[in-house]
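Undergrad: Here the sequence shown stands for residues -22 to -1, 1 to 450, numbered as in mature numbering (1 follows the signal peptide of the UniProt record, and there is no 0). Just so you know, even glycine gets a beta-carbon here, dropped at the ideal spot from N, CA and C.
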Amino acid sequence: MLNKKAGMIAAVALSTSLLVTACSTQTGTESQASSPSETSKPAKQETLRILSGVVGGKTPEENALFEKEVERLTGIKVTIEKPAADYDKKLYAAIAAGEKYDLIYMGKGNMDVLVEQGALTQLNDKIKASKVLSDPKVIPTKEWDMITYNGGKIYSVFNKSEGGTLPTVRQDWMDKLKLQQPKTLDDFYQTLKAFKEKDPDGNGKDDTYGLSTAGLYDIQGFMSAAGVKYKYVMDANGKRSIPYATDAAVPIYEWFAKLYKEGILDPNFATNDSGKMRELFLTNRVGMVTYWDAWVGLFNNMKKTDDPKFVAKAIPGAVGPDGKVMLRRGDPSVWGIPVNAEHVDTAMKFLEFWQSDKGNILSTLGIEGTDYTVKDGKYSLTPDGISHGMDHGAPFPNNTNFKNPIGTLPGALEGRQIIFDNNATIENSTKDWPNAEKIVTNYAFQAMMGKMPAADAVKKMRDELKAVNLID
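Pasting the structure below:
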């Protein structure tokens, strides 16, 4: 599945990428009925310059093929620029420098910043005028609420349908150890303890952990036990609070400290990135991780050849005080049109294509002949297509009419349903969150690693946030 939202980034000097344009130079030929002076007019080539975080090919070489596939399917010659790293910085710097893109990919946090800056084109009228984008069977009406601003203003169109993050468990280990699906925080402790102590991989060594995370990303499924939500929560008067900095979160930090002390929690959780966490899960080192629902299917797909007994399964988080689970739904990933875009109508044409069956096939399966083949109406993935996991930017399109002709990866749909069934809501980051996150993370780690009593850590966290006016 994007991964963390950046805050306001100061404008920096960047060299401007040249817009690649191409115009057809096809010369009209004379017909027998035409006079020698009559020739057909050259057809104008539609072009787009796109800045993308995830949409496109998996490698620079495949990205070039992806561009050609878009042109084959739409007639639009596109240039898709995919920065290798620091996408958010590139995005903000490009906008600040006045670089001209026709479409930009972004998460809601990025969009919040750019809307505040006045950098995006309002799209309400264009969406309303589009038979495709205004069709509730293509994009459900309630989904638009997530990206609608004050006054009903809309500045983007969805890239894909987002799921969320949740605990993902080695179900084959659960079955081997005869464990039941955990529901309470104590249930989770007992399950994770068994993964640590009962040799679930059967190698006779004490080399497994119960749980690994990539920092605080994403422990929401456990914070659910206290009914607290990550990032900002605003009350009816706009007063800001961060529930992870409240006393309600203290018992959860204490729970993590117990896991850490007993060697159940991966000792490198605080410095892991998501790649290191995934690697532990895929190499039989840990029984549970907290990650995106779509990755349940990807995990199973990656291991089906070399370890057919491997089974990843998404499970709900811990039940809260109200008897419900509180999970996180991912921020919408969207396409926006900058106010200085040169080809707005063509950009809208691309967005309509992206929500069509052909666009959905491209965004999932990928490029015909490279990622998949079609014979007698039957779709088959190539070896490259299998390795790409049916994800070229939108593994789950918004278009409710779309049915993936290959099917979905094992466990992925079940994971998404858990997200939709369990009070999963998007997080409210605001432009202040990057500064607040540093403070929250610092003291949360100290509490989770037992370096400071959890109650003291939360008090210091809260006091520091108030001191710099990051909560009210």
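Skipping 5 residues on each side, what residues in its chain have a beta carbon closer than 7 Å to that of M212?
TA: Once the five neighbours on either side are set aside, the close Cβ partners of M212 are R218, N406.
Undergrad: Taking C-beta to C-beta, are I230 and A192 nearer than 9 Å?
TA: Contact: no.
Undergrad: Tell me, please, whether the segment 62 to 80 touches the segment 311 to 318 by the rule of three or more beta-carbon pairs shorter than 8 Å.
TA: These segments touch.
Undergrad: Hey, would you say G275 sits closer than 9 Å to G371, going by beta carbons?
TA: Contact: no.
Undergrad: Can a CB atom of chain D be found closer than 9 Å to the CB of T249?
TA: The question asks about chain D, but that chain is absent: this structure has only one protein chain.
Undergrad: Are the Cβ atoms of T169 and M152 separated by less than 9 Å?
TA: Yes, the Cβ-Cβ distance between T169 and M152 is below 9 Å.
Undergrad: Secondary structure at A248, three-state DSSP: helix, strand or coil?
TA: Looking at A248 - three-state DSSP - the assignment turns out to be coil, as it is neither helix nor strand.
Undergrad: Pick from K282, D362, A63, A97: whose alpha carbon is nearest that of E77?
TA: It is A97 whose Cα lies nearest to the Cα of E77.
Undergrad: Please state whether DSSP places S30 in a helix, a strand or coil.
TA: Correct three-state label for S30: coil.
Undergrad: Does N406 come out as helix, strand or coil in the three-state DSSP assignment?
TA: Strand, per DSSP.
Undergrad: Pick helix, strand or coil for R306, following the three-state DSSP scheme.
TA: In this structure, R306 counts as strand in the three-state DSSP scheme.
Undergrad: Compare the beta carbon distance of F200 and P310 with 9 Å and say whether it is the shorter of the two.
TA: No, Cβ-Cβ distance for F200 and P310 is not below 9 Å.
Undergrad: To test your reading of the DSSP string, which unbroken beta strand (DSSP E) runs of 3 or more residues are found completely within the segment 75 to 162?
TA: Here the runs fully enclosed are 81 to 85, 134 to 136, 142 to 148.
Undergrad: What three-state label does DSSP hand Q4 in the structure shown?
TA: Residue confidence is low: Q4 scores 36 on pLDDT, short of 50, so the model does not pin down where it sits. No coordinate-derived value is stated.
Undergrad: Would you give the residue range spanned by the alpha helix (DSSP H) that S341 belongs to?
TA: Unbroken alpha helix (DSSP H) run through S341: 335 to 342.
Undergrad: For K120, I'd like the list of residues in its chain whose CB is within less than 8 Å of its CB, leaving aside the five on either flank, ordered along the chain.
TA: Hits under 8 Å: none found.
Undergrad: Does the segment 242 to 254 come into contact with the segment 340 to 349, if we say contact requires no fewer than three beta-carbon pairs (one atom in each stretch) closer than 8 Å?
TA: At 8 Å Cβ cutoff, the stretches do not touch.
Undergrad: Tell me whether P316 sits in a helix, a strand or coil according to DSSP, three-state version.
TA: P316 falls in the strand class under three-state DSSP.
Undergrad: Using 9 Å as the threshold, is the C-beta distance between residue 455 and F380 below it?
TA: Absent from the structure is residue 455, since the part of the chain shown begins at -22 and ends at 450.
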